[in-house]
Amino acid sequence: MPQNEGERPLESAAGFPFAERINSATLEVRETIAANTRRARLLAGMSVRELAERAHLSPALISQIERGVANTTVDTLVKLAEVLNLSFPDLTWRYVAEPHVVRADEGEMEIEPAGTVRTLFGSTDRRRFTVSIGTTDPNSMRDPVTHGIGSVEYSVVISGEVTVVTPDWSVHLRRGDAVRFSGEFPHSYRTGDSPSEVLTLVASTDDWDTTRE
11 MPQNEGERPL ESAAGFPFAE RINSATLEVR ETIAANTRRA RLLAGMSVRE LAERAHLSPA
71 LISQIERGVA NTTVDTLVKL AEVLNLSFPD LTWRYVAEPH VVRADEGEME IEPAGTVRTL
131 FGSTDRRRFT VSIGTTDPNS MRDPVTHGIG SVEYSVVISG EVTVVTPDWS VHLRRGDAVR
191 FSGEFPHSYR TGDSPSEVLT LVASTDDWDT TRE
């Protein structure tokens, strides 16, 4: 099936070299869409050809999108999102590939007359979220959990020490340390010789539904 008009590999476009034709922000968006498309396709167990058939697009175009080298229209992205059972924000959300750790002596500190405020993380996204406090017994490991495509987890250690464990990385946190990471894949919390208490916020990319408020 021929690819859509106006969608072509960036390498084939005439004119200036790649780095001069698009700025870093545009490249970041293309890379984000590429990673999210490939990840969602693999999670759905679909081949490139199968995704192309369901979305009524060419396999070559799907391959170009997953490599971040296609000038992709909004219409094409909507088709992909529908087939992959994603919302448009899910497809364009930048995946948090590595954990972002803020130690107890880090963060932006604001001094007020009655005390201080330490900012750990910031975000301009409008997202649904849940906040919880979890306790874990000494020398224990919580069951692995996931929170859906595009989710992000923020955790602050209130007391004790924990190690956040995923299939790809692990990070040790002490009291006052904080971490931000993707909630898409299995992750768990492991303690040492002391119990721990962790404040956790899980943010979802799902569109807000005002009927729930």
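Take any residue in the sequence shown, note its place counting from 1, add 10, and you have its number in the working numbering. Beta carbons are placed, not taken as given, at the ideal position from N, Cα and C, and that holds for glycine.
Open item on the list: I'd like the ranges of any beta strand (DSSP E) spanning at least 3 consecutive residues and lying wholly in the segment 141 to 170.
Closed with: Entirely contained in the segment 141 to 170, the beta strand (DSSP E) runs reaching 3 residues are, in chain order, 162 to 169.
Task: alpha helix (DSSP H) segment containing A65, residue limits - done: Taken as a continuous stretch (DSSP letters only), the alpha helix (DSSP H) holding A65 covers 58 to 65.
- [ ] Classify D115 as buried or exposed, calling it buried when 16 or more other Cβ atoms lie within 10 Å of its own Cβ.
- [x] Flag for D115 reads exposed.
Open item on the list: Within a Cβ cutoff of 6 angstroms, which residues of the same chain sit near V112, ignoring the five residues on either side of it in sequence?
Closed with: The beta carbon of V112 sits closer than 6 angstroms to those of L130, A188, all from its chain and outside the five residues before and after it, given in chain order.
TODO: Would you kindly work out how many angstroms separate the C-alpha atoms of P27 and A80, rounded to a whole number?
DONE: Because P27 sits at a pLDDT of 47, beneath the cut-off of 50, its placement in the model cannot be relied upon, and the following sentence gives the value as read from the coordinates. In this model, P27 and A80 are separated by some 15 angstroms (Cα to Cα).
- [ ] Could you check the C-alpha separation between E38 and R152 for me, to the nearest Å?
- [x] Going from the Cα of E38 to the Cα of R152 covers about 35 angstroms.
- [ ] Decide if the segment 159 to 174 is in contact with the segment 83 to 91; the criterion is three or more beta carbon pairs, one per stretch, under 8 angstroms apart.
- [x] By the Cβ rule, the segment 159 to 174 does not count as touching the segment 83 to 91, because fewer than three pairs are nearer than 8 angstroms.
Task: Residue(s) in a DSSP beta bridge with V111 - done: V111 is bridged to V189.
Task: Y184 (DSSP reduced to helix, strand or coil) - done: A small correction: the amino acid at residue 184 is Arg; Tyr does not occupy that position in the sequence shown. In the structure shown, R184 sits in coil (DSSP, three-state: anything other than H, G, I, E or B).
- [ ] Compare the Cα-Cα distances from S204 to each of G132, T146, V212, E194 and report the closest residue.
- [x] Here the closest residue by C-alpha is T146.
- [ ] Can you give me the start and stop residues for the alpha helix (DSSP H) that A91 sits inside?
- [x] In the DSSP annotation of this structure, the continuous segment of the alpha helix (DSSP H) that includes A91 starts and ends at 84 to 93.
Task: DSSP three-state assignment for A54, whether helix, strand or coil - done: It is coil, neither helix nor strand.
TODO: Note down the Cα distance separating L61 from R49, rounded to an integer number of angstroms.
DONE: Cα to Cα, the separation comes out at about 12 angstroms.
Open item on the list: Run through the DSSP bridge pairs and tell me what V212 is partnered with.
Closed with: Among the bridge pairs identified by DSSP, V212 is matched with T140, E163.
Task: Where R190 falls, given that 16 or more other Cβ within 10 Å makes a residue buried - done: With 16 or more Cβ atoms within 10 Å of its Cβ, R190 is classed as buried.
Task: Simplified DSSP assignment, three categories, for S68 - done: It is coil, neither helix nor strand.
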